[in-house]
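Novice:
Residue numbers (this note's numbering), protein chains in the order written: chain R, 6 to 257; chain A, 386 to 482.
Right under this line is the structure:
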């Protein structure tokens, strides 16, 4: 079965989230084939989960000072600092037999593509429910899924390199007192492709390996394509109405 | 005088639940349920927050509403439980000022 592969490079937070949502709408209306998109973030940005309080989780002044973007996702889950990583998104009809009906099972099936991709780079990774991928006990990837109009959108991050200190300069912690301990903990619990391999791997190489990983694990053929004009137009509309809108980002 | 209570609770084997309750004497004025959990469909949580407005601030009334919400057909939740939501809302009253 042929799916579309989109390599959209690096974009700002609002653009990235609006493209994912626009693809989901098009796939849901059968106007686009099932799609895997691989992308990055420029400037770096923090995304928060649908249910999180923005100012509770993110130091907005620090973001501004450091030129870091911020956005609320349409998916649940936690705050993520996106810098040196490949982000994937996968959009497919909920009734496609490749995707289990259960959200829990579908996380596993989709994450298998990432595990395959990491495996071909020499990294032995495993899935940990609900939505994590770990390497030797440390998290390397996290995902979040939403289902709307009988369509599944799952997006997630695959870390290439971590900067935990920078991450905690913009993410709020429960108290300053435990901040140092928290940073030490997270450094021990999180890894990355570069960290696992002890060498630097290029963004495009990671994209390529992840794409092949999804092909093998899902038994699909990915054909590189472009965003349709209608997808770009809808993404722009969604960006204005939702992701750039303070009412959305500050709703909690 | 209206009071505001904030409470953060780590759901056992689950996610972090952060609740803010604005209340007046024995009545809830507004509840915000926040955190890194998952609920499908996402928009449905707004309905729960709206249903809790004006409700008497006591466990039974709150448990009934929260329980009904989580039992709704098609609702799927990860990292959050009805009990955790009720307990955290009740905690907000204790710490409210």
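Each residue gets a CB set at the ideal place from its N, CA and C atoms; glycine is no exception. Note that this is a predicted model, so its numbers are computed, not measured.
1. In three-state DSSP terms, what is residue 137 of chain R?
2. Is residue 255 of chain R helix, strand or coil when you go by DSSP?
3. Rounded to the nearest angstrom, how far is the Cβ of residue 199 of chain R from that of residue 206 of chain R, given a contact under 8 Å?
4. Can you pull out the residues from the segment 37–60 of chain R whose beta carbon lies closer than 9 Å to at least one beta carbon of chain A?
5. Please check if any C-beta of chain R sits within less than 8 Å of the C-beta of residue 420 of chain A.
6. Can you tell which of A/439, A/411, A/461, A/447 has the C-alpha that lies nearest to the C-alpha of residue 428 of chain A?
7. Within 10 angstroms of its Cβ, does residue 29 of chain R collect 16 or more other Cβ (buried), or is it exposed?
8. If contact is defined by three or more beta carbon pairs under 8 Å, each pair taking one atom from either stretch, is the segment 234–242 of chain R in contact with the segment 137–155 of chain R?
9. Is there a Cβ of chain R sitting closer than 8 Å to that of residue 435 of chain A, yes or no?
10. Looking at chain R, is there any beta carbon in it that lies within less than 8 Å of the beta carbon of residue 417 of chain A?
11. Mind checking residue 129 of chain R: buried by the 16 CB within 10 Å criterion, or exposed?
12. Any residues in the segment 147–165 of chain R with a beta carbon nearer than 7 Å to a beta carbon of chain A? Which ones, in chain order?
13. To the nearest whole angstrom, what separates the beta carbons of residue 82 of chain R and residue 54 of chain R, a pair I think is in contact under 8 Å?
14. Counting only Cβ-Cβ distances shorter than 7 Å, please list the residues of the segment 120–148 of chain R near chain A, keeping chain order.
15. Using CA coordinates, which residue listed in R/159, R/119, R/120, R/140 is at the minimum distance from residue 24 of chain R?
16. Taking DSSP's pairing of strands, which residues face residue 146 of chain R in a bridge?
17. From residue 255 of chain R to residue 175 of chain R, what does the alpha carbon distance come to, in whole angstroms?
18. Does the beta-carbon distance from residue 9 of chain R to residue 230 of chain R come in below 8 Å?
19. Quick check on residue 134 of chain R: buried or exposed, where buried means 16 or more other Cβ atoms within 10 Å of its Cβ?
20. At least one CB of chain A closer than 8 Å to the CB of residue 237 of chain R: is that the case?
21. Would you identify the three-state DSSP class for residue 394 of chain A, choosing helix, strand or coil?
22. Which same chain residues, not among the five before or five after residue 403 of chain A, have their C-beta less than 6 Å away from its C-beta?
23. If you measure between the beta carbons of residue 92 of chain R and residue 122 of chain R, is that distance less than 8 Å?
24. So with CB distances below 7 Å, who are the chain R contacts of residue 423 of chain A?
25. Along chain R, in chain order, which residues have C-beta atoms closer than 7 Å to that of residue 403 of chain A?
26. DSSP on residue 31 of chain R, reduced to helix/strand/coil?
27. Taking C-beta pairs closer than 8 Å, name the residues in chain R that residue 494 of chain A reaches, listed in chain order.
Specialist: The relevant details are as follows:
1. Within the first chain, the letter at position 132 stands for residue 137 of chain R. If DSSP states are grouped into helix, strand and coil, residue 137 of chain R belongs with the strands.
2. As a working note, residue 255 of chain R is residue 250 in the first chain. Three-state result, residue 255 of chain R: coil.
3. Translated into the one-based positions of the first chain, residue 199 of chain R becomes position 194. Translated into the one-based positions of the first chain, residue 206 of chain R becomes position 201. Contact flag correct, Cβ pair sits at about 6 Å.
4. If the cut-off is 9 Å between Cβ atoms, the segment 37–60 of chain R has 53, 54, 55, 56, 57, 58 near chain A.
5. Counted from its first residue, the second chain places residue 420 of chain A at position 35. Interface annotation, residue 420 of chain A: in contact with chain R, CB-CB separation under 8 Å.
6. Against the second chain, residue 428 of chain A aligns to sequence position 43. Looking at the Cα atoms, A/461 is the closest of the given residues.
7. In the first chain, counting from the first residue as 1, residue 29 of chain R sits at position 24. With 16 or more other CB atoms across the displayed protein chains lying within 10 angstroms of its CB, residue 29 of chain R is buried.
8. Contact between the segment 137–155 of chain R and the segment 234–242 of chain R is absent, because fewer than three Cβ pairs lie under 8 Å.
9. On the second chain, position 50 is the one that residue 435 of chain A refers to. It does not: the Cβ of residue 435 of chain A has no partner Cβ on chain R nearer than 8 Å.
10. Residue 417 of chain A sits at position 32 when you count from the first residue of the second chain. It does; some Cβ of chain R falls within 8 Å.
11. For this step, residue 129 of chain R is matched to residue 124 along the first chain. With a 10 Å radius around the Cβ and a threshold of 16 neighbouring Cβ atoms, residue 129 of chain R comes out exposed.
12. The residues in question are 151, 152.
13. What you label residue 82 of chain R is simply residue 77 of the first chain in a count that begins at 1. What you label residue 54 of chain R is simply residue 49 of the first chain in a count that begins at 1. Beta-carbon to beta-carbon, residue 82 of chain R and residue 54 of chain R are separated by about 4 Å, close enough to satisfy the 8 Å threshold.
14. Of all residues in the segment 120–148 of chain R, only 135 place a beta-carbon less than 7 Å from a beta-carbon of chain A.
15. Position 19 of the first chain holds residue 24 of chain R. Comparing Cα-Cα distances from residue 24 of chain R to each of R/159, R/119, R/120, R/140, the minimum goes to R/159.
16. Residue 146 of chain R sits at position 141 when you count from the first residue of the first chain. According to DSSP, which records beta bridges pairwise, residue 146 of chain R is partnered with R/138, R/163.
17. What you label residue 255 of chain R is simply residue 250 of the first chain in a count that begins at 1. What you label residue 175 of chain R is simply residue 170 of the first chain in a count that begins at 1. Approximately 16 Å, taken between the alpha carbons.
18. Stepping through the first chain from its first residue, residue 9 of chain R is reached at position 4. Stepping through the first chain from its first residue, residue 230 of chain R is reached at position 225. With respect to residue 230 of chain R, residue 9 of chain R sits close: the two C-beta atoms are nearer than 8 Å.
19. Within the first chain, the letter at position 129 stands for residue 134 of chain R. Counting Cβ neighbours within 10 Å, residue 134 of chain R comes out exposed, since fewer than 16 surround it.
20. Looking up residue 237 of chain R in the first chain gives position 232. Not one beta carbon of chain A lies nearer than 8 Å to the beta carbon of residue 237 of chain R.
21. Locating residue 394 of chain A in the second chain gives position 9, where the first residue counts as 1. For residue 394 of chain A, the secondary structure class from DSSP, reduced to helix, strand or coil, is strand.
22. Locating residue 403 of chain A in the second chain gives position 18, counting from the first residue. The residues are 393, 419, 420.
23. Along the first chain, read from residue 1 onward, the residue named residue 92 of chain R stands at position 87. Along the first chain, read from residue 1 onward, the residue named residue 122 of chain R stands at position 117. Not closer than 8 Å, so no.
24. Within the second chain, numbered from 1, the residue matching residue 423 of chain A stands at position 38. Result: 81, 82.
25. For the purposes of this step, residue 403 of chain A is taken as residue 18 along the second chain, with counting starting at 1. Chain-ordered, the chain R residues with CB closer than 7 Å to the CB of residue 403 of chain A read 58, 61.
26. As a working mapping, residue 31 of chain R is identified with position 26 in the first chain. Three-state DSSP puts residue 31 of chain R in a helix.
27. Any question about residue 494 of chain A goes unanswered here, given that chain A covers just 386 to 482.
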